[in-house]
Amino acid sequence: MSKLDFSNTPNIDQVSVEERVARLNTRSIKKAAKVQGLKLALNMIDLTTLEGKDTAGKVRQMCYKAMHPHDELEGLPTVAAVCVYPTFVGLAKKELGNSGVKVASVATAFPSGQSTRDIKIKDTKFAVDNGADEVDMVISRGEFLAGNYNYVFDEIAEVKAACGAARLKVILETGELSTLDNVRRASEIAMRAGADFIKTSTGKIQPAATQPVTLVMLEAIRDYYYETGIMIGMKPAGGISTAKSALNYLVMVNETLGNAWMSNQWFRFGASSLANDILMQLAKEASGIYQGPEYFSKD
Amino acid sequence: MMSTKTKKSVEVKLDFNKWGYVAAPESTDHIRLEKKYGHFINGEFVAPSSGKYYTTYSPSTEKALAEVAKGDAKDIDKAVKAARGAYNKVWKKMPASERGKYLFRIARMIQERARELAVIETMDGGKSIRESRDIDVPLAAAHFFYYAGWADKLDYAFPNRKPESLGVAGQIIPWNFPLLMAAWKIAPALACGNTVVLKPAESTPLTALKLAEIIRDSGLPPGVVNIVNGFGDAGAALVNHPDVNKIAFTGSTDVGKLIQKATAGTGKKLTLELGGKAANIVFDDAPLDQAVEGIINGIFFNQGHVCCAGSRLFVQEGIAEKLIRKLKDRMETLIVGDPLDKNTDIGAINSREQLDKINHYLKVGKEDGAEMWQSSCAIPSKGYFCRPTLFLNASQSHRIVQEEIFGPVLAIQTFRTIEEVIEKANNTPYGLSAGVWTDKGSRIFNMTNKLRAGVVWANTYNKFDPTSPFGGYKESGFGREGGLHGLSAYLKM
Chain A
60 MSKLDFSNTP NIDQVSVEER VARLNTRSIK KAAKVQGLKL ALNMIDLTTL EGKDTAGKVR
120 QMCYKAMHPH DELEGLPTVA AVCVYPTFVG LAKKELGNSG VKVASVATAF PSGQSTRDIK
180 IKDTKFAVDN GADEVDMVIS RGEFLAGNYN YVFDEIAEVK AACGAARLKV ILETGELSTL
240 DNVRRASEIA MRAGADFIKT STGKIQPAAT QPVTLVMLEA IRDYYYETGI MIGMKPAGGI
300 STAKSALNYL VMVNETLGNA WMSNQWFRFG ASSLANDILM QLAKEASGIY QGPEYFSKD
Chain B
48 MMSTKTKKSV EVKLDFNKWG YVAAPESTDH IRLEKKYGHF INGEFVAPSS GKYYTTYSPS
108 TEKALAEVAK GDAKDIDKAV KAARGAYNKV WKKMPASERG KYLFRIARMI QERARELAVI
168 ETMDGGKSIR ESRDIDVPLA AAHFFYYAGW ADKLDYAFPN RKPESLGVAG QIIPWNFPLL
228 MAAWKIAPAL ACGNTVVLKP AESTPLTALK LAEIIRDSGL PPGVVNIVNG FGDAGAALVN
288 HPDVNKIAFT GSTDVGKLIQ KATAGTGKKL TLELGGKAAN IVFDDAPLDQ AVEGIINGIF
348 FNQGHVCCAG SRLFVQEGIA EKLIRKLKDR METLIVGDPL DKNTDIGAIN SREQLDKINH
408 YLKVGKEDGA EMWQSSCAIP SKGYFCRPTL FLNASQSHRI VQEEIFGPVL AIQTFRTIEE
468 VIEKANNTPY GLSAGVWTDK GSRIFNMTNK LRAGVVWANT YNKFDPTSPF GGYKESGFGR
528 EGGLHGLSAY LKM
């Protein structure tokens with residue numbers, strides 16, 4: 060089979076993308092729509108800890124938070140998943156039990172991706188064998204920027220094969236890709252190579268998720284859907300810490316991809332501190348007054 | 048119908064708006080409207096000489112907003128005399144830097160009262176609060192700021208030409224951007240040392256009258272700006288008044304022709320900004336999702352009540368199917384309704400008369416054989432509303448392609464080659480604006496040289512800035528407003 064040509068993917072006009080984002084941000088989300096949106100956003104969070112200093116204790120406490128975001132408020136959903144390093148997958152799986160909260164594991168020499176193919180595959184298999192429901196891989200940005208698009212494609216395809224039934228999220232690390240044209244190109248490569256989700260960032264590089272980057276990726280997903288009928292999920296990660304910005308992202312999804320994507324099956328936020336800001340806003344909507352940050356658990 | 052049988056295209060559909068945004072109407076509690084408005088002549092509001100008033104209505108609620116003086120030739124004469132007096136006694140003699148200070152002050156006061164002006168603009172004209180708040184009012188202030196800066200620098204704008212003011216300028220403005228058009232007209236006229244008699248459109252007088260309050264409160268010498276309300280007969284009286292040195296008109300081409308006849312041989316300086324039927328041209332290498340935004344902004348901005356609206360879309364054949372699909376999905380997300388709701392994208396059609404005209408063209412388009420498509424959005428039962436509309440498979444000879452509709456109606460044609468699209472784009476009596484969408488810079492320059500339009504936007508549309516001249520070719524008028532060019536229309540050199 061001849062190789063796919065990724066040298067000529069659709070052009071992106073950065074200025075217009077930024078204008079579109081600015082216009083979407085003028086949507087006014089109030090009252091019932093706000094509560095509905097905030098609950099949805101909470102339910103879309105991949106609660107994340109990816110630090111060198113992670114321990115079993117830290118992961119255990121975060122898993123409880125994932126299942127019980129704020130028991131004082133009734134009718135709250137759980138978050139979508141917890142996201143950890145491969146070595147904590149087994150523990151997280153056990154802690155979360157049958158709560159419905161998924162376990163996502165980063166893999167493939169996260170966050171740099173600078174390792175050999177076989178180590179990346181082993182990394183992936185280790186996570187999956189320990190029970191990971193989802194794998195968040197990183198692409199080889201060096202190879203991408205060197206123009207070796209098919210290397211990147213093949214690597215994603217191999218990792219996808221190693222995932223088995225686990226859903227694969229492909230991190231483009233858009234903060235290292237420099238242009239929106241590159242973001243679009245990397246999105247095309249990932250989707251065609253078998254990604255179930257495309258994801259902006261590791262959270263280790265600045266800028267992490269931005270709205271213009273996310274919009275370009277959502278539009279890539281839309282084109283792929285138009286062409287094939289296949290839905291791909293989207294996960295902006297890193298830097299989204301306020302309820303207001305989460306609602307701005309949801310408006311982008313709502314008006315770019317529509318109803319079908321408005322669930323955690325197809326849209327996620329990779330975030331650590333977002334949950335508490337959402338909880339604070341939901342508590343305010345319920346009681347009419349803001350509570351201090353110390354009323355919300357910091358796991 | 049665009050062919051759907053190509054390739055392996057699967058029948059997939061996007062649905063929108065399950066997450067319904069709750070209505071977020073802008074408050075009107077802080078709005079003070081008088082029951083009755085007179086004319087603004089010689090620094091004060093005065094009753095019309097005939098004693099007659101008419102009612103201005105909100106097109107979104109069909110409710111009366113205020114009674115407004117109905118001006119006639121007597122009122123116009125009074126206003127012109129006031130303007131002449133102020134010109135001779137005060138304004139002509141005032142140091143230019145002092146003139147500039149008044150303009151700066153008016154600009155700042157527009158900013159201070161921005162919210163009030165935006166809400167009234169939306170109530171009286173029907174446009175969405177998002178647009179009046181983010182575009183009309185800030186741009187109106189920007190025009191005053193920009194021309195304030197020129198007031199004492201005219202010798203530098205036109206070196207060695209000794210620019211001088213003209214005298215009294217008669218200005219007639221349309222209903223689509225009531226406050227902004229008043230600013231476009233008044234700011235350069237005053238900066239150049241002229242005095243003004245302005246006639247707002249009869250259906251949208253309120254923000255001009257609020258501007259009159261601002262002008263009065265700014266301490267501008269009485270008579271420098273006079274505003275006479277009324278209908279076409281008041282406009283005609285202004286055009287025909289012997290003591291007016293300059294006429295500036297923005298409006299329909301039919302009226303523009305009458306004005307040109309009326310002013311011929313009188314020595315009155317004239318600028319006309321008239322209708323348009325702009326080509327918005329999308330090449331196959333264009334960034335498509337961004338082009339879709341440009342098409343939406345080009346035709347649905349201000350309900351399509353825009354003389355430079357991109358009302359003819361030309362799409363290169365290879366991408367037509369894809370682009371139209373994207374365009375339809377984007378149109379499904381447009382929110383049509385209460386213009387005071389902050390989430391509304393498309394507000395009310397300005398008047399019953401205009402809605403009838405648009406509906407007439409929808410009928411004509413179908414009769415001529417174009418295929419009509421409208422978004423499935425709900426529209427309010429009261430008020431004047433029109434769903435955003437496409438006509439597919441339009442031909443150059445269709446009336447919806449040739450004639451200005453001035454509504455949210457887009458005619459779509461395909462093209463194959465660059466020569467073909469240039470010929471078709473220029474094949475119209477109008478020539479106000481055009482848009483080009485391509486990733487290729489050299490093609491943009493080639494197109495801008497060959498399109499016979501006063502403004503050509505590249506990879507954007509409906510972008511306005513006081514520093515940039517605006518005006519037409521052919522039956523879209525002559526003279527330029529905005530920028531350095533906008534000064535020369537108010538000077539003799």
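Chains A and B, in that order, give the protein sequences. In terms of our numbering, the first sequence has 83 at position 24, counting the first letter as 1, and numbering is strictly consecutive. In terms of our numbering, the second sequence has 109 at position 62, counting the first letter as 1, and numbering is strictly consecutive. Backbone N, C-alpha and C fix where the C-beta goes; we use that ideal spot for every residue, glycine too. Model, not experiment: these values are computed from the prediction.
Using a Cβ-Cβ cutoff of 8 Å, what residues of the segment 60–92 of chain B are near chain A? List them in chain order. 61, 62, 63, 64, 65, 66, 67, 68, 69 and 71
Would you tell me roughly how many angstroms separate the C-alpha atoms of residue 355 of chain B and residue 325 of chain B, rounded to the nearest one? Taking the second sequence and counting its residues from 1, the one referred to as residue 355 of chain B is at position 308. Taking the second sequence and counting its residues from 1, the one referred to as residue 325 of chain B is at position 278. Whole-angstrom Cα-Cα distance: 6 Å.
Along the chain, where does the beta strand (DSSP E) that runs through residue 363 of chain B open and close? Counting from 1 along the second sequence, the entry for residue 363 of chain B is found at position 316. First-last of the beta strand (DSSP E) with residue 363 of chain B: 359–363.
Considering only residues of the same chain and omitting the five flanking positions on each side of residue 208 of chain B, which have a CB-CB separation below 7 Å? For the purposes of this step, residue 208 of chain B is taken as the residue at position 161 of the second sequence. Around residue 208 of chain B: 540.
Check for me: the beta strand (DSSP E) holding residue 228 of chain A runs from which residue to which? The sequence position of residue 228 of chain A within the first sequence is 169, counting from 1. Per DSSP, residue 228 of chain A belongs to the beta strand (DSSP E) from 226–230.
So within the segment 292–358 of chain B, which uninterrupted beta strand (DSSP E) runs reach at least 3 residues, ignoring any that extend past its ends? 293–297, 316–320 and 326–329
Starting from the C-beta of residue 463 of chain B, find all residues in its chain whose C-beta is less than 8 Å away, skip the five residues before and the five after it, and write them out in chain order. Reading the second sequence from its first residue, position 416 is the one you call residue 463 of chain B. Only 363 and 364 meet the Cβ criterion.
Length of the line joining the Cα atoms of residue 267 of chain B and residue 255 of chain B: Reading the second sequence from its first residue, position 220 is the one you call residue 267 of chain B. Reading the second sequence from its first residue, position 208 is the one you call residue 255 of chain B. If I take the Cα positions, the gap works out to 16 Å.
Would you kindly check if the distance between the Cβ of residue 321 of chain B and the Cβ of residue 303 of chain B is under 8 Å? Looking up residue 303 of chain B in the second sequence gives position 256. Looking up residue 321 of chain B in the second sequence gives position 274. Closer than 8 Å, so yes.
Can you list, in chain order, the residues of its chain with a C-beta nearer than 6 Å to that of residue 169 of chain A? Leave out the 5 residues immediately preceding and following it. Counted from its first residue, the first sequence places residue 169 of chain A at position 110. Once the five neighbours on either side are set aside, the close Cβ partners of residue 169 of chain A are 197.
Express the C-alpha separation of residue 226 of chain A and residue 194 of chain A in angstroms, rounding to a whole number. As a working note, residue 194 of chain A is residue 135 in the first sequence. As a working note, residue 226 of chain A is residue 167 in the first sequence. Per the coordinates, the alpha-carbon of residue 194 of chain A lies some 6 Å from the alpha-carbon of residue 226 of chain A.
For residue 90 of chain A, which residues in chain B fall below 7 Å Cβ to Cβ? For the purposes of this step, residue 90 of chain A is taken as the residue at position 31 of the first sequence. Those are 69, listed as they occur along chain B.
Terminal residues of the continuous alpha helix (DSSP H) containing residue 432 of chain B? What you label residue 432 of chain B is simply residue 385 of the second sequence in a count that begins at 1. Where residue 432 of chain B is concerned, there is no enclosing alpha helix (DSSP H), given that its DSSP letter is neither H nor E.
Of all the alpha helix (DSSP H) runs that stay within the bounds of the segment 148–223 of chain A, which reach a length of 4 or more residues? For the segment 148–223 of chain A, whole alpha helix (DSSP H) runs of length 4 or above, ordered along the chain, are 148–155, 176–188, 200–204 and 208–222.
Across the segment 327–344 of chain A and the segment 284–296 of chain A, are there enough close Cβ pairs to call them in contact, namely three or more that are closer than 8 Å? yes
For residue 216 of chain A, which residues from the same chain have a beta carbon less than 8 Å from its beta carbon, with the 5 sequence-adjacent residues on both sides left out? Mapped onto the first sequence, residue 216 of chain A falls at position 157. Within its own chain, the residues whose Cβ lies closer than 8 Å to the Cβ of residue 216 of chain A, once the five positions on either side in sequence are excluded, are 252 and 253, listed in chain order.
In chain order, what residues of the same chain have a beta carbon less than 8 Å from the beta carbon of residue 77 of chain A, not counting five sequence neighbours either side? Along the first sequence, read from residue 1 onward, the residue named residue 77 of chain A stands at position 18. Excluding positions up to five away in sequence, the list reads 271.
Given this structure, state the Cα-to-Cα distance separating residue 524 of chain B from residue 155 of chain B, to the nearest angstrom. Counted from its first residue, the second sequence places residue 524 of chain B at position 477. Counted from its first residue, the second sequence places residue 155 of chain B at position 108. The straight-line gap from Cα to Cα measures roughly 32 Å.
According to the Cβ coordinates, are residue 188 of chain B and residue 197 of chain B closer than 8 Å? As a first step, residue 188 of chain B is located in the second sequence; it is residue number 141 there, counting from the start. As a first step, residue 197 of chain B is located in the second sequence; it is residue number 150 there, counting from the start. Result no, Cβ atoms of residue 188 of chain B and residue 197 of chain B do not sit closer than 8 Å.
List the whole-angstrom C-beta distance separating residue 426 of chain B from residue 454 of chain B, where the pair is believed to meet the contact cut-off of C-beta under 8 Å. For the purposes of this step, residue 426 of chain B is taken as residue 379 along the second sequence, with counting starting at 1. For the purposes of this step, residue 454 of chain B is taken as residue 407 along the second sequence, with counting starting at 1. Not really, about 13 Å apart at Cβ, beyond 8 Å.
For the alpha helix (DSSP H) holding residue 113 of chain B, just list the boundary residues, first then last. Along the second sequence, read from residue 1 onward, the residue named residue 113 of chain B stands at position 66. Run containing residue 113 of chain B: none in the alpha helix (DSSP H); it sits in the beta strand (DSSP E), 111–116.
Where does residue 528 of chain B sit, in a helix, a strand or coil, going by DSSP? The count along the second sequence starts at 1 and reaches residue 528 of chain B at position 481. When DSSP states are grouped into helix, strand and coil, residue 528 of chain B belongs to the strand group.
Residues in the segment 281–295 of chain B having any Cβ partner in chain A nearer than 9 Å: none
Residue 219 of chain B (DSSP reduced to helix, strand or coil): In the second sequence, the residue the question calls residue 219 of chain B occupies position 172. Residue 219 of chain B: strand per DSSP, three-state reduction.
Which term fits residue 131 of chain A, buried or exposed, when burial requires 16 or more other beta carbons within 10 angstroms of its beta carbon? Your numbering for residue 131 of chain A matches position 72 in the first sequence. Exposed, by the Cβ-count rule.
Backbone CA spacing between residue 91 of chain B and residue 245 of chain B [nearest angstrom]: As a working mapping, residue 91 of chain B is identified with position 44 in the second sequence. As a working mapping, residue 245 of chain B is identified with position 198 in the second sequence. Approximately 14 Å, taken between the alpha carbons.
When the cut-off is 8 Å and only beta carbons count, does residue 174 of chain B lie next to chain A? Working through the second sequence from its first residue, we reach residue 174 of chain B at position 127. Chain A, which has no Cβ nearer than 8 Å to the Cβ of residue 174 of chain B, makes this no.
Does the distance from the C-beta atom of residue 93 of chain A to that of residue 344 of chain A stay below 8 Å? Taking the first residue of the first sequence as position 1, residue 93 of chain A is located at position 34. Taking the first residue of the first sequence as position 1, residue 344 of chain A is located at position 285. Result yes, Cβ atoms of residue 93 of chain A and residue 344 of chain A sit closer than 8 Å.
Coarse secondary structure for residue 487 of chain B, derived from DSSP in three states: Stepping through the second sequence from its first residue, residue 487 of chain B is reached at position 440. Coil.
Could you tell me the alpha carbon to alpha carbon distance between residue 81 of chain A and residue 259 of chain A, rounded to whole angstroms? By one-based count along the first sequence, residue 81 of chain A stands at place 22. By one-based count along the first sequence, residue 259 of chain A stands at place 200. Going from the Cα of residue 81 of chain A to the Cα of residue 259 of chain A covers about 19 Å.
Residues near residue 318 of chain B by beta carbon distance below 6 Å, same chain, minus five either side: Against the second sequence, residue 318 of chain B aligns to sequence position 271. For residue 318 of chain B, where only same-chain residues beyond five positions count, the Cβ hits under 6 Å are 295, 526 and 536.
Cβ-based burial, residue 248 of chain A [other Cβ within 10 Å; buried from 16]: Here residue 248 of chain A corresponds to residue number 189 of the first sequence, with the count starting at 1. Buried: at least 16 other Cβ atoms inside 10 Å.
Under a CB-based cut-off of 8 Å, is residue 255 of chain A close to chain B? As a first step, residue 255 of chain A is located in the first sequence; it is residue number 196 there, counting from the start. It does not; no Cβ of chain B falls within 8 Å.
On the CB-based measure, 16 or more other CB atoms within 10 Å of its CB, does residue 86 of chain A come out buried or exposed? Here residue 86 of chain A corresponds to residue number 27 of the first sequence, with the count starting at 1. Per the 10 Å Cβ criterion, buried.
Using 8 Å for Cβ pairs, my map puts residue 83 of chain A next to residue 337 of chain A. What's the rounded Cβ distance? In the first sequence, the residue the question calls residue 83 of chain A occupies position 24. In the first sequence, the residue the question calls residue 337 of chain A occupies position 278. Taking 8 Å as the upper bound for CB-CB distance, residue 83 of chain A and residue 337 of chain A are not in contact here, some 19 Å apart.
Using the beta-carbon of each residue, which ones in chain A are nearer than 8 Å to residue 341 of chain B? Here residue 341 of chain B corresponds to residue number 294 of the second sequence, with the count starting at 1. Near residue 341 of chain B (Cβ distances below 8 Å), the residues of chain A are 75.
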